[in-house]
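Below: the structure, in structure tokens.
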Amino acid sequence: MYSIKIFQEGNYVQYPSQCLNNGQTAMIIDRITSIDNERITTQKGLVITKDLAKSQFFPVPIKPDWLTEMGFEQYCKDGIFSIWEQVFSYGKENKPITIIIIEHNESKSFFLGLVNEPLYAHSLQNLFYNITEKKLNLPIEL
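Under this note's numbering, think of the first position of the sequence shown as 54, with each following residue one higher.
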């Protein structure tokens, strides 16, 4: 799993917690509440430097039920691929733009259109914000 390099307020991230009894590390899902020049603060009260966050924050994989809850419609479901689609409005003129997400069912990965890199919660949020200038809330329980 790669670490996150670009942060925005409202992004969901996960980071390792203390080691469990069996030697494994649990991941905590959290949400960024504020960012200043040096630090990032999360909803659960973590305060971390931006430089340390780049190596300690990891992306949260998207779940299909989140897309359904956000209004995406699923098309073309077969054994290997599913296509999720939703039209959003952006700009002062409320111009429509369609976001298409491709789910590769065998690898459990999501891709944005034809971009060949996995799509995670924070990247979908950042894309949505960059297009609409509105924050996208995902149905993630913390």
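Even for Gly, the Cβ is constructed at its ideal location relative to N, Cα and C.
Annotation: the continuous alpha helix (DSSP H) that includes Glu-122 extends over 117-122. The C-beta separation of Tyr-68 from Val-113 comes to about 10 Å, leaving the pair out of contact by the 8 Å criterion.
Counting along the chain, Asp-83 sits inside the beta strand (DSSP E) bounded by residues 78-88. Under the DSSP definition of a beta bridge, Ser-142 partners with Pro-149. Cβ-Cβ separation between Ile-154 and Phe-163: approximately 5 Å, consistent with a contact (criterion under 8 Å). For Gln-139 and Leu-189, the gap between their C-alpha atoms comes out near 13 Å. DSSP lists Phe-164 as the beta-bridge partner residues of Pro-171.
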